[in-house]
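Trainee: Chains as they are written, first to last, in the working numbering: chain A, 11 to 276; chain B, 2 to 299; chain C, 349 to 600; chain D, 349 to 600; chain E, 232 to 627. Beta carbons: idealized from backbone N, C-alpha and C, even for Gly. Mind having a look at this structure? Questions to follow.
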Amino acid sequence: GCSNNGGSTEENETGTETGNTTVSGEIVAGGSTSTKNIMEATLDEFAALNPDVTAEYNATGSSDGVKNADSGVYQIGTASRNIKEEEKALGLTEKIFAYDGIAVIVNPANKVKDITVEQLAQIYKGEITNWKDLGGEDAQIVVVSREDGSGTRGAFEEIVGFEEELTANATIAEGNGNVQSTVAENENTIGYVSFTYINDTIKALTVEGVEATTDNVLNETYKVSRPFVMVYQDDNLNDAGKAYIEFLMGEEGQAIVEEEGGIPVK
Amino acid sequence: MDLMKDNKTDKTRKENFFKYVFMFCAFVAVISVFAITFFVFFRGLKPFMPGTNGYSIVDFLTGLEWRPGQNKFGILYMIVGSIFATAGAIAIGVPVGLLTAVFIAELAPKRLADIIRPAVELLAGIPSVLYGVFGLGIIVSILKGYSPYAQGQSLLASILVLAIMILPTVVSMSETAIRAVPSSYKEGSLALGASKIQTIFKVIIPAARSGILAGVVLGIGRAIGETMAVMLVAGNPIAGIPTSLWDKIRPLTTNIALEMGYASGMHQDLLFSTGVVLFVFIMIINFTLNKIIQKKIS
Amino acid sequence: MKDRNKFFIKDLNLYYGTFRALINVNLNIVEKKVTAFIGPSGCGKSTLLRCLNRMNDLIEGVKIDGVVALDDTDIYGDIDVIKLRTKVGMVFQRPNPFPMSCYDNIAYGPRCQGIKDKATLDELVEKSLKQAALWDEVKDRLNKSALGLSGGQQQRLCIARAVAMEPEVILMDEPTSALDPIATSKIEELMESLKEDYTIVIVTHSMQQAARISDNTAFFLSGEVVESDITSNIFTKPRDKRTEDYITGRFG
Amino acid sequence: MKDRNKFFIKDLNLYYGTFRALINVNLNIVEKKVTAFIGPSGCGKSTLLRCLNRMNDLIEGVKIDGVVALDDTDIYGDIDVIKLRTKVGMVFQRPNPFPMSCYDNIAYGPRCQGIKDKATLDELVEKSLKQAALWDEVKDRLNKSALGLSGGQQQRLCIARAVAMEPEVILMDEPTSALDPIATSKIEELMESLKEDYTIVIVTHSMQQAARISDNTAFFLSGEVVESDITSNIFTKPRDKRTEDYITGRFG
Amino acid sequence: MRKIKDNIVKFIIILSSVISVGILVAILGFVFGKGLGQISKDFFVNEYNSSSYYLSFNAENIKSNISEDKLLDSKYREGMYNIIEKPIYIENIGGAIGIIENTRAKNTDVMITYVENKSPMSKAVDRTGKSIGIKEGFLLNRINGEKVEDKSLEEIVNILEETSGKIELKVVSVGGGVFPNIVTTVYMILLSLGIAAPIGILAAIFLVEYAKPGKLVNLIRFATESLSGIPSIIFGLFGMAFFVVFLKFSLSILSGALTLSIILLPTIIRSTEEALKAVPDSYREASYGVGASKLQTIRKIIVPSAMPGILVAVILSIGRIIGESAALLLTAGTVAKIPDSLFSSGSTLTVQAYYLAKEEGNIEMACAIGIVVILLVIVLNIIAKLITRLFNRANY
Ligand SMILES: Nc1ncnc2c1ncn2[C@@H]1O[C@H](COP(=O)(O)OP(=O)(O)OP(=O)(O)O)[C@@H](O)[C@H]1O
Ligand SMILES: Nc1ncnc2c1ncn2[C@@H]1O[C@H](COP(=O)(O)OP(=O)(O)OP(=O)(O)O)[C@@H](O)[C@H]1O
Ligand SMILES: [Mg+2]
Ligand SMILES: [Mg+2]
Ligand SMILES: O=P([O-])([O-])[O-]
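Structure follows, in structure tokens:
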């Protein structure tokens, strides 16, 4: 073997074919559940390029990601929302590594196709409670939201503009998957999930006529999007960690971000 | 005289050494138990301590809204929901479980009992997540058809899922207790011309009471402590005392599990406080039921 | 008055699975007399006794052939076992009062028969306890748990419980073997008085006891009834050598 | 040869919690003789027997005062209880072989004393089984579970197990009460032969048995030793009225 | 009158039993109905995540006389793949590639379907020079840095045939299985029992055989009893704060196992206590009666006799470990990889099922895992029964 023990990684050589200098070490990352697919895919590729790197990602939630990056449990923490004021006080380095769209989803049986941001706010504040007000059938709207502290929820509330005014009537489902299952199971529900979780058991609504696609987020016509942020303590990063971040922010990494349904930063 | 004691032999040394090993293990066990208790209480009571800019315990225990973002941490509606869900689960699960136990222990032909018993035990081994998934896929879907609201997530759904989950505990504990009733009671009753059913209900079940109650205690523990299954079917709203079976509830455990990954600072401490409330709950129930058992027996 | 047979047992065989615990038993039990079953441990005394009210039905794998007739009805025929047991009461070796109050213990049987009326029950309880010579000792604690009574009192309570059913026969399986001498003598006195109204069958390990209290005695050995006769004959002029050996203490 | 006292018991009182189960017991147990304890149930026979090898130590809440001396050493003084028990073996009412092979049952005690040598153990096992008159019956199944033996064989195995420790005294608590007559008579014969080497104390419910096998008899009533004497005296000319009543079957 | 009443009650009893059994059947039906379709050989032997490798080797000319049929008849077909384009053998790399469809994810991939005996691919090394070897069933992703995604099978074959000298392939092992979760579950069982069983059993021996009944024992008993009623999420909180953060064990199978041990202790102690108490006193008496010491009696008589009870407790504990999710989620993490040290995180089957349900809404897969867990539980129950029966036979 010719592994580069403890050596420095001056340069990111991924993507070239031969004569690679590889790094070694362990990367423990974790945090947001929404970023899981992107993080796992990039870590996998990074570990393939650097076979002596072992990497793991624990999807325990955005706030947990920040907290554990601070306590040192995670070398790299991720959040699927902007870093809050009190979190900024921890003095962690932040880096946006991708953007994500949040899809507004309903049951495929639901006739409604489009919704406005204004209507979304009214629904989530409990001001609109019947689908017929949106041109659907005469049925109660079942509002599904995420747990408090979720990056997805934080971002959604911020963008839609009803922060902390969520109707008391909302059903809270834990995780993107539970939102998805809950919506898939009941034709009167409305919920929201990260783009990466859109599949055929549910239907994504167009927001103000714009389809929920990566392109539309990039050209800023689709309104509901948020950043994926990673945070770390500079002196807690090992060589592998540093090299990984470079890789993620580089061309290769961003290409994977896109493959996984995220929106690259450049 | 050769009966005299000799404390210095290898044998006595070994005896003593092992005695201390046993004792040490007992203490490890005890210490871990107390460490948890201490830790949970320490974290959970921290926000209420005077001198910290914490949270008022009264607001915490009587509040009707849980909006961490707005600094509103009220858990009264959760307490009420937990109590309703547990009580409902017991009201359904205990009788059904007890009667099933009676069937297995006293009425069923041996072969049938030998099939049902392990089958019911199997229910206890299924991870609770699957109960949740089952609850969401089947129970919630069915209830949706009858609910005045447009969804099936509700107190009733929680009750049903929990009732199913406590069944195996209640069945196997009750069955063991029924089997443990001295056959002299049964013989005494039958010899007096009582029928089998009379014997079961007038003598055997009363005599097995303490074992059955122990099963109920464990069942309650499971019902209150269950997290993953109810989370999927309770609805977990951020406010609102349930007033009907169709209302959503947010059980205490769910509150912890939902947000622990996301909470920090006082929000997290208050999740621990929720844990303390749960802890106290279980203690009170254990304690009262033990008292009831003791009183009935003496 | 000619002695009338209460039970008539003919060619009775009983198997626990494949083990033959009773072998061709033939025996008559005389009405309103005390019949004692004696014999060494494991010889089948309890087994036969439990045949008389079909208590053996409860045991898995018991097979029976032969005839056991109560007042000329074959009790292994198509009869109501529950009724049989109300007619043939039983008292066990270890006192087994139910874990409830003294009153409820006695009232248990009648209540199971559907008697609900408080006055009737009160009367029945009092009468039974008096018959069992226990009334004076428990009348002030009727509502306390029966498990608080002494062993001897518990056993008399069990007798009272059997008596409360107003049965015709009372079966007793070593009713005094767990009791002290004073309690024992009380129960023996009690049997003396009960036999005026009831047919009593008692299993005992103590030959002295059999001699003291019984009118007839059956001697068992390894599942067979070796000899049965009026008690004084068994003890003074046994016909069978084995009976004599047992009586004179050569074994057992 | 003058009889030597093996045990000397003086003013012994024993309390189970607050219940005084033995009351001022004074008794001598003669070396290489069979001493029988008789008396009605619950009179304290087993309790006294278990005092002799401090088996009562295992019971919570037992308090003792008075003297129990073995060969002039107070066994309730500062002695090694384990050594005491190797000297004073015990056989219980129900045969209680360990759930292991016959061989291991016998070898258990010696092994606990540290004897590991196979040849020594083999020899010891054979000798003990022969002494217990069991060798011929089990020599082909030494490695099979002892639980497969019949009750009588199990009890003799337990005796062999006690004998294997080469004790000086063997205590037996109703050793035949769970056995059939044939097994009983085998064990009685065995005791006859054992008493040449050992001091034997036996509790029995059967007066016949006491009469048959013992040299001395102590009669117990409600925790007291009413009378102790050589057996023939007890059975033919008891000094105490209560002894006489019991012997003649007026109670018990 | 009494007959009618008895019959009504009997009817209710039977009805209850029917309900209990009906529920069981419904749940099993649901889990099996949803999950069975997902179960294949791949499900058991594959990693959950696919993992990528960059592997290089020197082209050689390896002839092969593999038959047409054989080319179609490779192992992957038993799994979740359909062949779309017939594999073509390439001498340059000594192996065949074909286009397959992933029936679960419904996308197509290029797969290395066959590797000849002396193929240079089996000697391929990664970028550190470590020999990994390309195996049948790997998906082909890039050739010398160039993506194969949008190319036809012919184009790919052409590229490979024309390349001489060093070839670097990016290959991806196929995921979609729960092998790492099975391994993690086994580790978790071994670790937690390795910690909790000795401590619990020895503690129970102390409580039953040594401790004088009194305040202390009552206190311990009360503590263990209340602990068995505490929801496991609270243990999770403790484990997270103490093992993960304070002791810096990080989210790892060690933190998870330690947390689980504390959960198991009360059960193990209680059941062992019961088993020890159930050993007839006559054994103790007999042992002391022949002059055995306390330790000897415990070691040679009491513990062996209590063994079936203790084993059953242990097996019940295994059931609990298998079924636990809340506490492990907070202490052992969610990584579906085979842990390579005590300090790596890992997710057990149940955690994985929970995670799939919660995060990906993948009910089918969660149920498939549920089936595995249920089968495991059945096996454990049978073992428990066998043990009890075995020991019972020894006793009578
Ligand atoms: N349930 C049973 N299953 C199998 N065998 C049994 C059962 N009950 C009793 N036996 C056997 O039947 C025989 C007769 O038992 P029974 O109890 O009638 O004896 P007994 O004369 O009452 O003895 P004891 O004086 O000890 O009470 C004994 O050998 C006993 O082992
Ligand atoms: N562990 C104990 N705790 C409290 N009381 C006990 C205990 N063991 C025995 N006793 C009581 O002490 C008295 C004497 O009991 P013991 O067992 O010595 O009688 P015994 O003469 O051997 O009777 P049996 O012939 O029935 O074996 C009895 O009244 C009994 O209830
Ligand atoms: Mg009997
Ligand atoms: Mg005794
Ligand atoms: O898990 P989140 O991405 O919603 O924080």
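Distance check for residue 136/A and residue 34/A, CA to CA, integer angstroms please.
Mentor: Counting from one through the first sequence, the residue named residue 34/A turns up at place 24. Counting from one through the first sequence, the residue named residue 136/A turns up at place 126. Distance between the alpha carbons of residue 34/A and residue 136/A is about 53 Å.
Trainee: By Cβ distance below 7 Å, which residues in the same chain neighbour residue 575/C in space, the five residues on each side in sequence not counted?
Mentor: Here residue 575/C is taken as the residue at index 227 of the third sequence, counted from 1. Excluding residues within five positions, the ones whose Cβ falls inside 7 Å are 567, 582, 586, 587, 588 and 591.
Trainee: Can a CB atom of chain B be found closer than 7 Å to the CB of residue 565/D?
Mentor: What you label residue 565/D is simply residue 217 of the fourth sequence in a count that begins at 1. No, no contact with chain B.
Trainee: Can you give the Cα-Cα distance for residue 596/D and residue 584/C, rounded to whole angstroms?
Mentor: Indexing the fourth sequence from 1 puts residue 596/D at position 248. Indexing the third sequence from 1 puts residue 584/C at position 236. Near 15 Å, if we compare the C-alpha coordinates of residue 584/C and residue 596/D.
Trainee: Using a cut-off of 9 Å between C-beta atoms, extract the partners of residue 542/D located in chain E.
Mentor: By one-based count along the fourth sequence, residue 542/D stands at place 194. Simply none; closest approach about 16 Å.
Trainee: Since residue 196/A and residue 153/A are thought to touch, with beta carbons under 8 Å apart, how far apart are those beta carbons, to the nearest angstrom?
Mentor: Position 186 of the first sequence, counted from the start, is the residue given in the question as residue 196/A. Position 143 of the first sequence, counted from the start, is the residue given in the question as residue 153/A. The pair is not a contact, with the Cβ atoms about 11 Å apart (cut-off 8 Å).
Trainee: Taking residue 383/C as part of the beta strand (DSSP E), name the residues at either end of that continuous run.
Mentor: Residue numbering aside, residue 383/C sits at position 35 when the third sequence is read from its first letter. Note, residue 383/C: beta strand (DSSP E), 382-386.
Trainee: Are there 16 or more other CB atoms within 10 angstroms of the CB of residue 395/E, so buried, or fewer, so exposed?
Mentor: Here residue 395/E refers to the residue found at position 164 when the fifth sequence is read from its first residue. Exposed: under 16 other Cβ atoms inside 10 Å.
Trainee: Using the three-state DSSP reduction, which class does residue 282/E fall into: helix, strand or coil?
Mentor: For the purposes of this step, residue 282/E is taken as the residue at position 51 of the fifth sequence. Note: residue 282/E maps to strand in three-state DSSP.
Trainee: State yes or no: is the C-beta of residue 519/C within less than 7 Å of the C-beta of residue 387/C?
Mentor: For the purposes of this step, residue 519/C is taken as the residue at position 171 of the third sequence. For the purposes of this step, residue 387/C is taken as the residue at position 39 of the third sequence. For residue 519/C and residue 387/C, no; Cβs fall outside 7 Å.
Trainee: Does the Cβ of residue 222/B have 16 or more other Cβ atoms within 10 Å, making it buried, or fewer, making it exposed?
Mentor: Against the second sequence, residue 222/B aligns to sequence position 221. Looking at its Cβ environment, which holds 16 or more other Cβ atoms inside 10 Å, residue 222/B is buried.
Trainee: Taking Cβ-Cβ distances below 7 Å as the criterion, which residues of the stretch 127-158 of chain A are in contact with chain B?
Mentor: Of all residues in the stretch 127-158 of chain A, 149, 150, 152, 157 and 158 have a Cβ within less than 7 Å of some Cβ in chain B.
Trainee: So is residue 194/B in contact with chain C if we call contact Cβ pairs under 7 Å?
Mentor: Here residue 194/B is taken as the residue at index 193 of the second sequence, counted from 1. Output row for residue 194/B: interface = yes.
Trainee: Using a Cβ-Cβ cut-off of 7 Å, state whether residue 589/D counts as contacting chain B.
Mentor: As a first step, residue 589/D must be located in the fourth sequence, where it is residue number 241. Answer no: the Cβ-Cβ gap between residue 589/D and chain B never drops below 7 Å.
Trainee: Residue 444/D versus chain E: which residues are under 8 Å apart at the beta carbon?
Mentor: The count along the fourth sequence starts at 1 and reaches residue 444/D at position 96. Those within 8 Å of residue 444/D in chain E are 511, 513, 514, 516 and 517.
Trainee: So if I measure from each beta-carbon to every heavy atom of ligand 1 and keep distances below 5 Å, which residues remain?
Mentor: Listed along the chain, these residues meet the criterion: 364/C, 369/C, 389/C, 390/C, 391/C, 392/C, 393/C, 394/C, 395/C and 407/C.
Trainee: Run through chain B and tell me which residues come within less than 9 Å of residue 121/A, C-beta to C-beta.
Mentor: Looking up residue 121/A in the first sequence gives position 111. Within chain B, no residue comes near residue 121/A; the closest Cβ sits about 15 Å away, beyond 9 Å.
Trainee: Would you list the residues sitting across from residue 575/D in a DSSP beta bridge?
Mentor: Indexing the fourth sequence from 1 puts residue 575/D at position 227. According to DSSP, which records beta bridges pairwise, residue 575/D is partnered with 567/D.
Trainee: Between residue 601/E and ligand 5, is there a pair consisting of the residue's CB and a ligand heavy atom that are separated by less than 6 Å?
Mentor: Along the fifth sequence, one-based indexing puts residue 601/E at 370. No, Cβ of residue 601/E sits at least 6 Å from all heavy atoms of ligand 5.
Trainee: What would DSSP say about residue 122/A, mapped onto helix, strand or coil?
Mentor: Sequence index remark: in the first sequence, residue 122/A carries index 112 (1-based). Three-state DSSP puts residue 122/A in coil, outside helix and strand.
Trainee: Can you find a CB in chain D that lies within less than 7 Å of the CB of residue 18/B?
Mentor: Here residue 18/B is taken as the residue at index 17 of the second sequence, counted from 1. No, residue 18/B does not count as interfacial toward chain D.
Trainee: Any Cβ of chain A within less than 7 Å of the Cβ of residue 260/B?
Mentor: Translated into the one-based positions of the second sequence, residue 260/B becomes position 259. Yes, residue 260/B lies at the interface with chain A (some Cβ there is under 7 Å from its Cβ).
Trainee: Can you tell me which of 240/B, 127/B and 259/B puts its alpha carbon nearest to the alpha carbon of residue 605/E?
Mentor: By 1-based counting over the fifth sequence, the position of residue 605/E is 374. The residue with the shortest Cα to Cα distance from residue 605/E is 127/B.
Trainee: Less than 6 Å between C-beta atoms, sequence neighbours within five positions excluded: which residues of the same chain meet that for residue 585/E?
Mentor: Start at 1 with the first residue of the fifth sequence, and residue 585/E comes out as number 354. Within the same chain, residue 585/E has close Cβ partners 556.
Trainee: Return yes when the Cβ of residue 205/A is within less than 7 Å of the Cβ of residue 113/A, no when it is not.
Mentor: Mapped onto the first sequence, residue 113/A falls at position 103. Mapped onto the first sequence, residue 205/A falls at position 195. Cβ atoms of residue 113/A and residue 205/A: closer than 7 Å.
Trainee: Evaluate residue 59/B with the Cβ neighbour count: other Cβ atoms within 10 Å of its Cβ, from every protein chain shown; 16 or more gives buried, anything less gives exposed.
Mentor: Residue mapping note: residue 59/B aligns to position 58 of the second sequence, counting from 1. Exposed.
Trainee: Just checking residue 155/A against ligand 5 - is the residue's beta carbon closer than 6 Å to any of the ligand's heavy atoms?
Mentor: One-based indexing of the first sequence puts residue 155/A at position 145. No.
Trainee: Count the other CB atoms within 10 Å of the CB of residue 451/D; is the residue buried (16 or more) or exposed (fewer)?
Mentor: Here residue 451/D refers to the residue found at position 103 of the fourth sequence. So residue 451/D counts as buried.
Trainee: Under 8 Å: do the stretch 439-456 of chain D and the stretch 479-494 of chain D share three or more Cβ pairs, one atom per stretch?
Mentor: Contact between the stretch 439-456 of chain D and the stretch 479-494 of chain D is present, because at least three Cβ pairs lie under 8 Å.
Trainee: Would you list, in sequence order, the uninterrupted beta strand (DSSP E) runs of no fewer than 3 residues that lie entirely inside the stretch 391-462 of chain D?
Mentor: 410-418 and 436-439, all fully within the stretch 391-462 of chain D.
Trainee: When you check each C-beta in the stretch 88-110 of chain A against every C-beta of chain E, which residues fall closer than 7 Å?
Mentor: From the stretch 88-110 of chain A, no residue has a Cβ closer than 7 Å to chain E.
Trainee: Which one of 100/A, 227/A, 71/A and 139/A has the shortest CA to CA distance from residue 179/A?
Mentor: Along the first sequence, read from residue 1 onward, the residue named residue 179/A stands at position 169. Residue 139/A is the option with its Cα nearest to residue 179/A.
Trainee: Give me, in chain order, the residues of the same chain whose beta-carbon lies closer than 8 Å to that of residue 421/D; leave out the 5 immediate sequence neighbours on both sides.
Mentor: Along the fourth sequence, one-based indexing puts residue 421/D at 73. Contacts found: 427.
Trainee: Starting from residue 32/A, find everything on chain E with Cβ-Cβ shorter than 9 Å and list it in chain order.
Mentor: Your numbering for residue 32/A matches position 22 in the first sequence. Result: 357, 358 and 359.
Trainee: If you count every other CB in all the chains shown that lies within 10 Å of the CB of residue 281/B, and 16 or more means buried, which is it?
Mentor: Along the second sequence, read from residue 1 onward, the residue named residue 281/B stands at position 280. Answer is exposed; the Cβ neighbour count stays below 16.
Trainee: For residue 460/C, return the contacting residues in chain B, with the cut-off set at a CB-CB distance below 9 Å.
Mentor: Counting from one through the third sequence, the residue named residue 460/C turns up at place 112. In chain order: 190, 193, 194, 195, 196, 199, 200 and 203.
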